[in-house]
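Colleague: Quick one: the structure is below, and I'll ask about it shortly.
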Amino acid sequence: MDQPTPTSRAPHVIRMRAEDNVAIVANDGGLPAGSELADGTVLRERVPQGHKVALVDLPAGAEVRRYNVVIGRVTQDLPAGSWVHERLLDMPAAQPLDGLPVSTAPRPVLEKLEGYTFDGYRNADGTVGTRNLLGITTTVQCVSGVVNHAVDRIRRELLPRYPNVDGVVALEHGYGCGVAIDAPDAAIPIRTVRNISLNPNFGGEVMVVSLGCEKLQPERLMPPGTLALIHPDMPADEEPPVDVVTLQDERHVGFQSMIDSILRQAETHLRRLDQRRREPCPASDLVVGVQCGGSDAFSGATANPAVGFCTDLLVRAGATVMFSEVTEVRDGIDQLTSRAATPEVAQALVREMAWYDAYLARGKSDRSANTSPGNKKGGISNIVEKAMGSIVKSGTSPITGVLGPGQRLRSEGIREGLVYAATPSGDFVCGTLQVAAGMNMHVFTTGRGTPYGLAEVPVIKVATRTDLARRWHDLMDVNAGRIADGEATIEQVGWDLFHLMLEVASGRSKTWAERWGLHNALVLFNPAPVT
């Protein structure tokens, strides 16, 4: 197979810390054998873009450091200039979860950031939507075909009458029946579906479509008091029943009767949503989920550091930012507990890591299962290296709160700051859980490329490499590859992202995923048994 032609640019590598004994090749197409680096190192073999080159002689068993962290030990002698990849590294064991530093990291002095606003939709519970959507919740996968048919008709026949409504979204999923509904861990998918329905972008309008015979009955999904969570001024004794259309209801004679019923109920919600108007809101009303997928070795060098800088800007502005993905922070747990605002937050971080360790162990797996073939092709050798590049999305602010999977920020009393939301690392599962937590804006970094999107919230896509941004010019919203190219600093790209978020949140700009109508299905995290 022909290899990509290396760029004519002078050999360029990125060394993350002065203590590192490897650097990644930044040149498009990689570098051929014989290339001489600025420090005099001569490549002994071709090294692909994003992959590591040894800067010193590494005898068998020597530590390999990137981010000034040991990401492995070499299994054979590697002279300086050698290609260092996953097949030549033994991965370190996971850090123990006891004896960790607690709240010891220096607290950076972050000056408040004031005066930044966006135009959003205010909700009764104090949250703010960045979009004005009708969300139709399903209790079980069985109804999805019917609901999707109804949603198509709503878009064609009803939405033109309600120009202030941005769209309608079917909140379908693969849960609801054929599951051990009373198992302890079943609480996770159930609260996830419930809390998705309460997302700020749905304007406090809750509509449910049920089959009728499923295990996840509407009253279990939406117990009394659910609507009071998003309508706090509603007296408890005046809470109306949740709007539910049940397909097995005897009044439905034929498929068309079901569709008519869904459209009729949808129109009542559309009328109320259409009365809403955008109004100026401070940047503190943003609730941002940050995530990475299709990662490469540039993720931790360009896109994720820029997102981390933007995370600090958002926290300074009083916003809420969530970072997630348990297996992608597990190897940096000491970094997280040291940044915990309180010992209780540190304890909650350890609790979530321990729960997930046990969950993986039940499946006879561990955190090493995280890295994908694409991650490795992009230069990431193992989950330790990937974790170091992933954590930097969180910036430098103290961690002020922790959410379990499927929990909602508001219900846990969290109003602002940097929050760790414990989720699996799968893109769609993580995104689904962040929607349930209450995010109204999503930032997603990628190095290998993915058309990932969500129908429920706008997703800003950040490319780690200029080559990806060039080839996927109508899918990537921000090119962080400019950092590696020397055309922009981490701070400049972070500010660019911050300003773009305000424009997207205001509806003045649409992301590429929104323009193309690209979105992935909601995927629930269900650690409970399936029957």
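Per full-length UniProt numbering, residue 1 is the first one in the sequence shown, and the count goes up by one each step.
Even for Gly, the Cβ is constructed at its ideal location relative to N, Cα and C.
Quick caveat, the model's predicted, so the values are computed rather than measured.
List the DSSP bridge partners of Trp512.
Modeller: Paired residues: none, contrary to the question.
Colleague: Grab me the residues of Leu502's own chain with a C-beta within less than 6 Å of its C-beta, minus the 5 sequence neighbours each way, in chain order.
Modeller: Phe118, listed in sequence order.
Colleague: Do you know how far the Cα of Ser411 is from the Cα of Thr203?
Modeller: In the sequence as presented, Thr is not what sits at residue 203; that position holds Gly. When rounded, the distance between both Cα atoms is 17 Å.
Colleague: Buried or exposed for Glu344, going by 16 or more other Cβ atoms inside 10 Å?
Modeller: Burial call: exposed.
Colleague: Report the rounded CA-to-CA distance for Asn148 versus Gly212, giving the unit in angstroms.
Modeller: Roughly 18 Å separates the two Cα atoms.
Colleague: Flag this pair as yes or no: are the beta carbons of Leu497 and Cys310 separated by less than 7 Å?
Modeller: In contact: Leu497 and Cys310 (Cβ atoms closer than 7 Å).
Colleague: What does DSSP give as the partner residue(s) for Val25 in the beta ladder?
Modeller: Val25 is bridged to Val13.
Colleague: Check whether the Cβ atoms of Thr445 and Leu522 sit closer than 7 Å, and answer yes or no.
Modeller: No. Outside cutoff.
Colleague: Please report the residue range of the alpha helix (DSSP H) in which Phe498 lies.
Modeller: Note, Phe498: alpha helix (DSSP H), Ile490 to Ala505.
Colleague: DSSP state of Gly431, grouped into three classes?
Modeller: Helix at Gly431.
Colleague: Gly332 and Ile391: beta carbons closer than 7 Å?
Modeller: Against a cut-off of 7 Å, the Cβ pair of Ile391 and Gly332 comes out as a contact.
Colleague: Using a Cβ-Cβ cutoff of less than 6 Å, which residues in the same chain neighbour Ser425 once the five nearest sequence positions on both sides are dropped?
Modeller: Same-chain partners within the cutoff: Glu325, Thr327, Glu328 and Asn370.
Colleague: Compare the Cα-Cα distances from Leu524 to each of Pro32, Arg66, Gly176 and Gly289 and report the closest residue.
Modeller: For the residues Pro32, Arg66, Gly176 and Gly289, the minimum Cα distance to Leu524 belongs to Gly176.
Colleague: For Ser103 and Ala341, I'd like the C-alpha separation in whole angstroms.
Modeller: Approximately 6 Å between the Cα atoms of the pair.
Colleague: Cβ of Val244 within 7 Å of Cβ of Val143?
Modeller: Not a contact, by the Cβ cut-off of 7 Å.
Colleague: Tell me whether Pro184 sits in a helix, a strand or coil according to DSSP, three-state version.
Modeller: Of the three classes helix, strand and coil, the one that applies to Pro184 here is helix, per DSSP.
Colleague: If you compare alpha carbons, which of Asp485, Thr192, Ala317 and Pro240 is closest to Thr423?
Modeller: For Thr423, the nearest C-alpha among the options comes from Thr192.
Colleague: Apart from the five residues just before and just after Pro224, which ones in its own chain have a Cβ nearer than 7 Å to its Cβ?
Modeller: Glu239.
Colleague: Would Arg17 be called buried (16 or more neighbouring beta carbons within 10 Å of its own) or exposed?
Modeller: Label assigned to Arg17: exposed.
Colleague: Which runs of the alpha helix (DSSP H) at least 4 residues long sit entirely within the stretch 456-481? Give them in chain order.
Modeller: List check, alpha helix (DSSP H) in window: 466-471.
Colleague: Quick check for students: name the residue ranges of the alpha helix (DSSP H) that lie wholly in the stretch 263-342, counting only runs of 4 or more.
Modeller: The stretch 263-342 contains these whole alpha helix (DSSP H) runs: 303-316 and 333-339.
Colleague: Give the DSSP bridge partners of Leu89, in chain order.
Modeller: Looking at the DSSP assignment, Leu89 forms a beta bridge with Val74.
Colleague: What does a CB cutoff of less than 7 Å around Ile14 pick up in its chain, not counting 5 residues either side in sequence?
Modeller: Answer for Ile14: Ala23, Ile24, Ala26, Ala301 and Ala484, listed in chain order.
Colleague: Look up His252 in the DSSP assignment and say whether it is helix, strand or coil.
Modeller: His252 falls in the coil class under three-state DSSP.
Colleague: DSSP puts Val530 in a beta bridge; with which residues?
Modeller: Val530 pairs with Val179.
Colleague: Across which residues does DSSP place Arg66 in a beta bridge pair?
Modeller: BP columns for Arg66 point to Val69.
Colleague: Could you tell me whether the stretch 379-390 touches the stretch 57-69, using the rule of 3 or more Cβ pairs below 8 Å?
Modeller: The stretch 379-390 vs the stretch 57-69: in contact.
Colleague: Say whether chain D places a C-beta atom closer than 7 Å to the C-beta of Pro451.
Modeller: Absent from the structure: chain D. Only one protein chain is present.
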